[in-house]
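Residue numbers (our numbering): 73 to 134. Okay, structure first, notes after.
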């Protein structure tokens with residue numbers, strides 16, 4: 073993906089479920105679940121038109 077341009081990132085409660093929905097809708101995973109420090113997890117995908125988008129799942133305190 074082109075990570076040089078601003079990328080819309082959508083917060084989701086369950087990253088794996090969101091990635092499955094992306095693929096079911098015709099999107100393609102660019103970068104799977106990656107930890108971001110102790111803050112949460114990110115993933116990136118392209119939609120069927122080729123736009124790069126991101127997903128974010130916050131870490132839960134527990």
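Glycine residues also receive a C-beta, built at the ideal position from the N, C-alpha and C atoms.
- Contact check for residue 102 against residue 87 fails: the beta carbons are separated by 9 Å or more.
- One alpha carbon belongs to residue 94, the other to residue 112, and they sit about 19 Å apart.
- In this structure residue 130 is not in contact with residue 100, their Cβ atoms being roughly 24 Å apart against a cut-off of 8 Å.
- In the DSSP assignment, residue 81 is bridged to 126.
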